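Asker: Respectively, the protein sequence lines represent chains A and B. Residues in the first sequence are numbered consecutively from 24, following our numbering. Residues in the second sequence are numbered consecutively from 6, following our numbering. Take this structure, written in structure tokens, and hold onto it; I'll ask about it next.
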Amino acid sequence: MTVELSSFLAILAMAAATMLTRLSGLFLLRHVSLEGPLRAAIEAIPPAVLMAVVAPTALATGIAETIACLVTALAAFRLPMLAAVGLGVTCVALLRAVGL
Amino acid sequence: MGALFYVTETNRLQEMLGGMRSIAPLIAAVIPIGLVFGTVAATKGLSTTEAGLMSALVFAGGSQFVAMDIWTHPAAWASLGLAALLVNIRHVLMSASLAARMQAFSPRARAVSMLFLADEIWAMAEFRARVARLTPFWFFGLAAPFYLAWVLSSLAGAMLGALLGDPAVIGLDFAFPAVFIVLVMGFWKGADTGAILIASAAAAVFVQHFVPGVWYIAAGALAGLVTALVAAGRKEGCVEQ
Numbered sequence: 024m025t026v027e028l029s030s031f032l033a034i035l036a037m038a039a040a041t042m043l044t045r046l047s048g049l050f051l052l053r054h055v056s057l058e059g060p061l062r063a064a065i066e067a068i069p070p071a072v073l074m075a076v077v078a079p080t081a082l083a084t085g086i087a088e089t090i091a092c093l094v095t096a097l098a099a100f101r102l103p104m105l106a107a108v109g110l111g112v113t114c115v116a117l118l119r120a121v122g123l
Numbered sequence: 006m007g008a009l010f011y012v013t014e015t016n017r018l019q020e021m022l023g024g025m026r027s028i029a030p031l032i033a034a035v036i037p038i039g040l041v042f043g044t045v046a047a048t049k050g051l052s053t054t055e056a057g058l059m060s061a062l063v064f065a066g067g068s069q070f071v072a073m074d075i076w077t078h079p080a081a082w083a084s085l086g087l088a089a090l091l092v093n094i095r096h097v098l099m100s101a102s103l104a105a106r107m108q109a110f111s112p113r114a115r116a117v118s119m120l121f122l123a124d125e126i127w128a129m130a131e132f133r134a135r136v137a138r139l140t141p142f143w144f145f146g147l148a149a150p151f152y153l154a155w156v157l158s159s160l161a162g163a164m165l166g167a168l169l170g171d172p173a174v175i176g177l178d179f180a181f182p183a184v185f186i187v188l189v190m191g192f193w194k195g196a197d198t199g200a201i202l203i204a205s206a207a208a209a210v211f212v213q214h215f216v217p218g219v220w221y222i223a224a225g226a227l228a229g230l231v232t233a234l235v236a237a238g239r240k241e242g243c244v245e246q
């Protein structure tokens with residue numbers, strides 16, 4: 024039930040960063056139109072960030088992880104989130120069990 | 006005429022219940038994710054209180070999963086804050102868009118509401134704004150149960166995770182890379198998305214190999230952003246010709 028100071032500071036930093044993003048929209052000038060390349064660039068940020076986070080695990084950890092990531096990605100086109108995640112987790116557990 | 010705009014207690018209750026009805030299916034979907042978050046947080050060495058505190062104060066699933074991926078002992082607040090900023094930068098656009106739909110809110114109610122702008126809440130609110138006027142009571146009915154579900158399921162997951170032991174044996178360490186991949190695929194819009202993802206992945210793996218810390222996330226974001234700019238610029242050039 025303890026809270027370490029470093030953990031607490033990290034949580035506060037994350038909370039402050041998140042609040043900043045959520046409140047700053049209120050102060051954006053409404054007439055700034057987000058069209059064309061700028062809009063495309065901003066829309067690209069979330070998938071690019073998520074991909075960057077997962078890339079070292081997906082591509083530079085081991086064969087089991089790479090295969091399981093591929094399976095999860097394909098499953099995500101058809102299955103709901105929890106099913107796709109379950110399939111990925113099962114896949115990685117099986118592949119590790121056989122020694123990959 | 007005045008009666009039309011007079012908000013009675015019954016109206017307020019109906020608005021609140023309407024918001025709750027809208028969010029119900031998403032609560033069912035978020036509880037398992039909260040459980041997974043709490044479980045993984047516990048296996049990363051966070052105490053139950055720390056995991057619950059993070060869910061209560063940050064309340065942004067994507068960035069919390071990223072934080073677990075790069076969590077160290079002791080925690081590096083600058084890296085974690087930067088990562089949260091990068092992952093949540095989309096909220097700037099989401100809040101700007103939703104703010105335009107909140108004419109019925111006082112400035113204070115608007116600001117408080119924005120603090121609860123998780124992806125799911127934003128999506129439901131935008132959807133509602135297309136067919137009806139957004140009210141603070143409807144938004145409260147939408148946000149409050151979802152927030153509680155996220156915090157409580159994180160706490161439950163953290164208590165559970167403390168009992169589970171090494172997550173790698175049952176592949177549970179893979180749960181959040183898997184969640185991320187599902188989220189990434191949710192953004193899929195065709196070949197342009199593929200190019201963005203390839204650029205981001207290549208830059209991230211390269212930078213992560215040579216530079217310590219979380220700079221690989223910034224590198225991947227930048228590479229994806231530049232790729233999108235180039236693709237959009239090329240398209241615009243084609244139209245002009």
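Note that CB positions come from ideal geometry on N, CA and C, so glycine has one too. Please read these numbers as outputs of a predicted model, since none were measured by experiment.
1) Name the residue from A/V26, A/E27, A/L28, A/T44 whose alpha carbon lies nearest to the alpha carbon of B/L87.
2) Which residues in the same chain have their Cβ closer than 6 Å to the Cβ of A/A99, if we skip the five residues on either side of it in sequence?
3) With a Cβ-Cβ cutoff of 9 Å, do A/A71 and B/T232 count as a contact?
4) Identify every run of the alpha helix (DSSP H) within the region 193-238 of chain B, keeping only runs that are complete inside it and at least 4 residues long; order them along the chain.
5) Might you give, ordered along the chain, the residues of its own chain that have their beta carbon closer than 7 Å to the beta carbon of B/G57, omitting 5 neighbours on each side?
6) When you compare only the Cα positions, how much space is there between B/I186 and A/A87?
7) Between the beta-carbon of B/G43 and the beta-carbon of B/S60, is there less than 9 Å?
8) Measuring CB atoms only, is the region 78-94 of chain B touching the region 27-40 of chain B, in the sense that at least three cross pairs come out at less than 8 Å?
9) Which one of A/A39, A/E27, A/P60 has the shortest CA to CA distance from B/E241?
10) Tell me whether the region 32-49 of chain A and the region 181-198 of chain B touch, counting them as touching only if at least three CB pairs, one residue from each stretch, are closer than 8 Å.
11) What does the alpha-carbon distance come out to for the pair A/G146 and B/G166?
12) For B/E14, is the classification buried or exposed, using 16 other Cβ atoms within 10 angstroms of its Cβ as the cut-off for buried?
13) Cα separation between B/H214 and A/V76?
14) When the cut-off is 9 Å and only beta carbons count, does A/A91 lie next to chain B?
Answerer: In this structure, then:
1) Within the second sequence, numbered from 1, the residue matching residue 87 of chain B stands at position 82. Closest by alpha carbon: A/T44.
2) For the purposes of this step, residue 99 of chain A is identified with residue 76 of the first sequence, where counting begins at 1. Beyond the five residues adjoining it in sequence on each side, A/A99 comes within less than 6 Å, by CB distance, of A107 in the same chain, given in chain order.
3) The residue given as residue 71 of chain A occupies position 48 in the first sequence. The residue given as residue 232 of chain B occupies position 227 in the second sequence. It is a contact, given that the beta carbons lie within the stated cut-off.
4) 196-215
5) If you number the second sequence from 1, residue 57 of chain B lands on position 52. Answer for B/G57: V156, S159, L160, A163, listed in chain order.
6) Sequence index remark: in the second sequence, residue 186 of chain B carries index 181 (1-based). Sequence index remark: in the first sequence, residue 87 of chain A carries index 64 (1-based). Distance between the alpha carbons of B/I186 and A/A87 is about 15 Å.
7) Residue numbering aside, residue 43 of chain B sits at position 38 when the second sequence is read from its first letter. Residue numbering aside, residue 60 of chain B sits at position 55 when the second sequence is read from its first letter. Yes; because the gap between Cβ atoms is below 9 Å, this pair is in contact.
8) no
9) Mapped onto the second sequence, residue 241 of chain B falls at position 236. Comparing Cα positions, the closest option is A/P60.
10) no
11) Since the first residue of chain A shown is 24 and the last is 123, residue 146 of chain A is not available in this structure.
12) The residue labelled residue 14 of chain B in the question sits at position 9 within the second sequence. With fewer than 16 other Cβ atoms within 10 Å, it is exposed.
13) For the purposes of this step, residue 214 of chain B is identified with residue 209 of the second sequence, where counting begins at 1. For the purposes of this step, residue 76 of chain A is identified with residue 53 of the first sequence, where counting begins at 1. Spanning the two alpha carbons is a distance of roughly 13 Å.
14) On the first sequence, position 68 is the one that residue 91 of chain A refers to. Output row for A/A91: interface = yes.
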